[in-house]
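This report refers to the structure that appears directly beneath it.
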Amino acid sequence: MTTMAERLLVALASSAARRYGGELVSELEHALQCAELARAAAADEELQLACLLHDVGRYAIDQSLVADTLEATPVGPSARGHHDLGADLLAPWVPERVAWCVRLHADAKRYLCATEPEYLDRLSAASRHTLRLQGGVMSPDDAARFAEHRWARDAVALRRWDDEAKVVGKRTRTLDDWAPVVRRGVSR
Ligand SMILES: [Fe+2]
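Here the sequence shown is numbered in our numbering, starting from 496 and rising by one per residue.
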């Protein structure tokens with residue numbers, strides 16, 4: 496029987512053929528760079544895994560269900576954000592904190608836009624567009640509530656690595672190097 500860890504590794508491998516949003520790197524390069532940045536910053540293995548898997552909703556799920564990407568047009572009104580769909584896919588299989596960080600990585604961007612004006616100024620045109628689809632800049636009340644959560648710092652850290660993980664040609668560890676982390680962190 497194929498385990499969830501193996502299914503995710505296959506999905507990640509296939510994501511090498513897909514472009515990451517409007518950027519010049521593939522989905523796989525983006526995932527590997529994001530995880531690499533977390534590791535370089537001495538994030539624990541759970542957070543590294545969340546970084547590696549944070550965009551599964553962009554490549555491991557039928558994109559007709561996704562409401563917030565530039566590449567696909569949602570088929571129906573029940574379409575949802577890639578972060579929610581990805582977190583739903585992972586939630587039964589990974590530690591709760593991993594699924595939480597995946598689910599909240601779009602909200603972490605909305606939070607940073609609310610609390611750091613220069614962060615909003617630096618967003619690419621594509622990221623500003625998806626920001627609108629993801630609910631726009633957080634209100635001060637929502638930002639304060641978000642910041643109180645015990646994992647808010649993790650989601651914000653993931654989001655900052657996410658933003659940096661689009662360097663063309665950057666050398667990283669390979670997907671094979673990450674396979675043990677996936678197999679340890681994703682239950683059967
Ligand atoms: Fe990302």
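Here a beta-carbon is modelled for each residue, glycine too, at the ideal position from N, C-alpha and C. Please read these numbers as outputs of a predicted model, since none were measured by experiment.
Inter-segment contact for the stretch 614-628 and the stretch 557-577 is present: three or more beta-carbon pairs are separated by less than 8 angstroms.
Nearest in C-alpha terms to R679, of all of A508, G517 and E540, is E540.
By the C-beta criterion, the stretch 567-580 is judged not to be in contact with the stretch 526-546, since fewer than 3 inter-stretch pairs fall below 8 angstroms.
The alpha-carbon of L532 is positioned some 35 angstroms away from that of V570. The alpha-carbon of L653 is positioned some 6 angstroms away from that of C546. A537 has its alpha-carbon roughly 23 angstroms from the corresponding atom of E522. Within 7 angstroms of the C-beta of C608 there is not a single heavy atom belonging to ligand 1. Counting the other Cβ atoms within 10 Å of the Cβ of G664 gives fewer than 16, which makes it exposed.
L607 and A511 have their C-alpha atoms spaced approximately 29 angstroms apart. Under the three-pair Cβ rule at 8 angstroms, the stretch 496-516 does not count as touching the stretch 633-642.
In this structure, the alpha-carbon of T497 lies about 35 angstroms from that of S622. If you draw a straight line from the Cα of T667 to the Cα of H549, it is about 17 angstroms long. Of the heavy atoms belonging to ligand 1, at least one sits nearer than 7 angstroms to the Cβ of H525.
If the five residues before and after V597 are omitted, its C-beta is found closer than 7 angstroms to the C-beta atoms of A545, L548, H549, H578, G581, A582 and L585, all from its own chain and listed in chain order.
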